[in-house]
Each structure stands twice: as structure tokens, then as C-alpha cells.
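What follows is a single structure, written as C-alpha cells, with notes after it.
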């Protein structure tokens with residue numbers, strides 16, 4: 003049966019991380035191959051989308067983050083589509099027992115259903131080789147395409163963002179990056195026990211020390227705007243390190259209202275307890291500091307080695323004062339070589355060309371006329387048809403105005419509009435297409 007589209011791409015939202023990962027690659031493929039690519043929301047109805055469009059190839063920004071990602075890959079493969087996956091969070095932790103969680107997530111069988119899996123770094127590939135699911139023919143190094151945006155795009159300037167929130171009187175801006183402390187206190191969430199073990203109590207105690215420290219920092223610096231960027235997965239306000247500073251005039255609380263790269267771009271310094279966002283700040287030439295008043299040594303990302311670790315509020319204040327009096331922080335400057343090594347180890351390349359490497363691998367796969375061997379599972383197929391039918395009926399109800407009179411239905415409808423709209427998705431397609439034309443004209 004003839005395909006209605008050449009490539010079908012799924013993302014978990016119409017902006018942000020997944021779009022930044024796949025869109026530069028999709029734009030490159032459209033330009034190089036002159037093909038039709040359809041972009042869809044993963045959480046709408048990936049089952050019916052695969053059946054409707056009958057794509058030659060399916061691209062998923064992440065195959066392990068939730069069951070839908072995994073199911074979409076497996077179902078597409080079972081329907082005869084070639085499948086390509088990227089990595090959303092490729093800063094893997096190298097500890098015993100983590101390989102299944104970090105590499106396979108919900109994929110408990112530890113096998114790759116995709117034809118091509120693109121990794122951030124050679125370090126990750128070496129780690130992958132310790133898994134029984136490793137396949138040298140399927141796993142390739144492209145570099146982290148989601149970080150290409152720092153070479154391709156321009157971001158919101160300080161005046162525009164601050165004016166938007168009526169904070170434009172401030173000339174000094176510090177971003178406070180949030181951490182998922184509520185995961186540490188949630189007994190039903192495995193992250194804390196798996197990654198931290200005996201260190202978990204120190205992580206928990208750090209929350210309350212950070213709350214007090216940030217309160218003192220905000221009070222002592224009324225001329226500095228502190229943009230407190232909550233972690234997007236933080237839900238429980240009791241475990242939010244910014245809960246004591248929300249009402250201050252020199253504080254702007256954000257969570258998902260703005261892209262994280264815009265929030266980084268407008269600041270002078272980024273401060274965090276622990277955040278891989280620090281690497282993104284380096285790519286934007288920003289200073290970073292880690293504030294760890296209780297525990298400094300725990301199972302943390304290697305990215306932490308590129309920032310000075312500050313253990314008390316007095317030294318944190320001194321570092322901020324040093325920046326605003328001299329334009330730099332010596333402790334941060336001393337770690338320049340560490341940061342260069344970390345960037346290579348974590349994201350592979352910082353040349354803005356990861357999307358080109360990824361596209362080259364995908365083009366080879368797409369143009370290869372070899373047919374896939376289909377592994378059909380009757381029970382999985384029925385499961386997917388039931389899921390697709392359920393989602394179809396759900397959307398039928400949600401998109402009918404009369405049903406939106408019910409609070410629960412209306413809430414779901416509004417939430418879906420916040421997560422994904424076709425208009426926003428097409429907007430970012432245009433942004434990246436123009437950016438690539440400009441970038442490749444220069445490079």
C-alpha cells in the first residue's frame with residue numbers, strides 16, 4: 003500500500019526539548035531528499051497516525067521516556083516502517099544497576115525495535131556496549147542534536163523578556179535553576195533510591211538549606227532580579243526550593259512559561275543545586291555556580307565538574323559581587339579546560355553540526371531499499387488497536403463543545419492546547435528551516 007507521507011515524526015510537545023532535537027534534522031532531510039514529512043503529537047493517537055499515513059520511516063525524539071514512546075517505535079516497526087530514535091536525556095550516570103533505567107527505560111526486554119538509534123557521545127556508546135541489547139549496526143554517534151540550537155538560533159533578549167513581566171527596571175539578572183526535590187520525597191518514585199542510596203538524606207536536607215539560602219540572597223540583593231526557573235517536573239510546592247521567595251518584587255517565578263534557553267540568555271549568572279542546564283549556559287557564554295550547602299559529593303552528573311561548588315551563602319554572595327565588580331568569577335574561569343572536556347564527553351560535539359551527522363545516517367537508512375523483517379505480535383497489535391480506539395473516542399469527546407461544559411473534560415482540553423498545537427509546531431518548523439539555510443550558507 004502506497005505511503006501517504008515519507009516520514010512521520012512524533013514529539014511530546016510542539017515546542018521545547020523534543021522539537022529542538024528532531025526539527026533541525028527534519029528540515030535538513032526535507033531539503034536534501036525533497037520528501038514529505040508529517041509532524042504529529044505523540045500523545046494524540048500515534049497508533050491511528052501510523053495506520054493512516056503509512057510512512058516509510060518513523061522518527062521519535064525519545065524511545066524510553068514513557069510507554070507511548072516505546073509503543074510507537076515497536077508498533078511502527080511491526081507495521082513495516084523503518085524507525086529512528088534519538089535521546090532526550092543523554093547525560094547518562096555511570097553506576098551499577100542503572101543501565102536498564104538509563105538506556106532502556108520502559109523497555110524491560112532490553113532490545114532495540116528501531117533500525118537506527120543516535121547517541122549523544124562516544125562515551126555513551128561505550129556504556130551501551132555493556133548491555134545485552136547493544137547492536138553495532140543500529141547504534142551510531144551523531145552528537146546531541148538538541149544542543150545545535152545554540153549555534154543555529156537567536157534567543158529572546160533581556161529587555162523583551164523583562165518587559166513582558168514588568169521587570170525591566172533591573173539591569174542585573176541571576177537565574178536560579180530548579181531541581182526535582184519532590185522526586186526525592188516521593189516514595190513511589192524510583193529516582194531517589196536508585197541514584198542516591200545513602201546520600202538521599204543529604205539531598206533531602208539540602209532542599210531546606212536552599213530555601214533559607216535563597217531567601218537571604220534575595221533579601222540582601224534588592225537591585226538584582228532573580229529569575230527562579232522551577233524544574234518542569236516539579237509538582238509539590240512543599241518541595242520547591244523557591245517557596246520562600248515567591249512574593250519578593252525582585253523575584254520572577256517561571257516554570258514552563260518560557261523556553262529555558264531564553265531564561266538562560268537573559269541572565270548574567272546561573273545558580274543551581276544540580277542542573278545539566280549549566281552546560282547550556284556555557285554554550286551561551288554564561289557563568290555558572292553550584293550552591294551545595296549540605297552535601298557536595300553524591301551521584302551527580304559530570305557536568306557538575308565544570309562549575310565552582312559553593313558551600314555557604316557568604317561565599318555565594320562574594321562570587322556574585324566579584325562578577326558585578328570585575329565582569330568575571332576567577333573560580334569559574336579556572337575550570338575552563340574542564341568544561342571543554344565535559345562538553346565533548348556529554349554532547350559529543352559543540353560545532354552546531356550534530357543535525358547534519360544525524361541526517362546523513364537517516365538518509366542512508368531511508369534510501370536503503372532493503373525490507374525490514376517484521377516481528378508480529380498478535381497480543382501487542384490488539385493492545386495498540388484498543389489504545390488507538392480509546393484515544394479516538396477521547397478526542398471525539400474533548401473536541402465536542404457540549405462535553406467541554408464538564409470541568410474535567412475542559413481541563414483536559416486546555417491542557418492539550420498548552421502541550422501541543424499544529425500552529426506552534428509549524429512555527430518552529432519555519433524557524434529551524436530558515437536557521438539552517440543561514441547556518442549552511444555561512445559554514
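Residue numbers (my numbering): 3 to 445.
Ideal Cβ placement from N, Cα and C applies to all residues, glycine included.
| Check | Outcome |
| --- | --- |
| Backbone secondary structure at residue 73 - three-state DSSP | helix |
| Beta carbon of residue 293 nearer than 7 Å to that of residue 256 | no |
| Anticipated Cβ contact below 8 Å, residue 150 with residue 26, distance rounded | 5 Å |
| Option in 228, 28 and 117 with minimal Cα separation from residue 8 | 28 |
| DSSP state of residue 214 mapped onto helix, strand, coil | helix |
| Helix, strand or coil at residue 178 [DSSP, three-state] | strand |
| Collapsed DSSP secondary structure at residue 93 in the structure displayed | coil |
| Residues near residue 470 in its chain [Cβ-Cβ closer than 7 Å; skip 5 each side] | As displayed, the chain neither begins before 3 nor continues past 445, which places residue 470 out of reach and without an answer. |
| Boundaries of the alpha helix (DSSP H) in which residue 41 is found, first to last residue | Note, residue 41: premise wrong, no alpha helix (DSSP H); beta strand (DSSP E) at 39 to 43. |
| Backbone secondary structure at residue 243 - three-state DSSP | coil |
| Per-residue burial, residue 147 [other beta carbons within 10 Å of its own, 16 or more giving buried] | buried |
| Cβ-based neighbour list, residue 140, same chain, cut-off 8 Å, excluding 5 preceding and 5 following | 114, 116, 117, 118 and 119 |
| Best match in 384, 74, 105 and 84 for proximity to residue 375 [C-alpha to C-alpha] | 84 |
| Simplified DSSP state of residue 230, which is helix, strand or coil | strand |
| Run of the beta strand (DSSP E) containing residue 12, from where it starts to where it stops | 9 to 13 |
| Whole-Å CB distance - residue 354 paired with residue 295, under 8 Å assumed | The pair is not a contact, with the Cβ atoms about 37 Å apart (cut-off 8 Å). |
| Which of helix, strand or coil DSSP assigns to residue 424 | helix |
| Distance between beta carbons of residue 13 and residue 44, contact taken as under 8 Å | 6 Å |
| First through last residue of the alpha helix (DSSP H) which encompasses residue 34 | 19 to 35 |
| Residue 293 - partner residues in DSSP beta bridges | 312 |
| Own chain partners of residue 285 with C-beta closer than 6 Å, once the 5 adjacent residues on each side are dropped | 152 |
| Those residues which DSSP pairs with residue 62 across a bridge | 12 and 87 |
| Where the alpha helix (DSSP H) through residue 128 begins and ends | 124 to 130 |
| Rounded separation between residue 219 and residue 126 - CA only | 38 Å |
| Buried versus exposed, by CB contacts within 10 Å (16 or more), residue 432 | exposed |
| Residue burial classification, residue 162 (beta-carbon count within 10 angstroms, cutoff 16) | exposed |
| Same chain only: Cβ atoms within 6 Å of residue 10, ignoring 5 sequence neighbours per side | 40, 55, 57 and 60 |
| CB contact flag (residue 169, residue 212, <7 Å) | no |
| Outcome for residue 430 when other beta-carbon atoms lying within 10 angstroms are tallied against a minimum of 16 | buried |
| Residue 232 classed as buried or exposed, judged by whether at least 16 other C-beta atoms fall within 10 angstroms | buried |
| Own chain residues within Cβ distance below 6 Å of residue 406, not counting five before or after | 412 and 415 |
| Contact under 7 Å by Cβ, residue 304 with residue 266 | no |
| Pick from 205, 311 and 6 that is closest to residue 333, judged by C-alpha positions | 311 |
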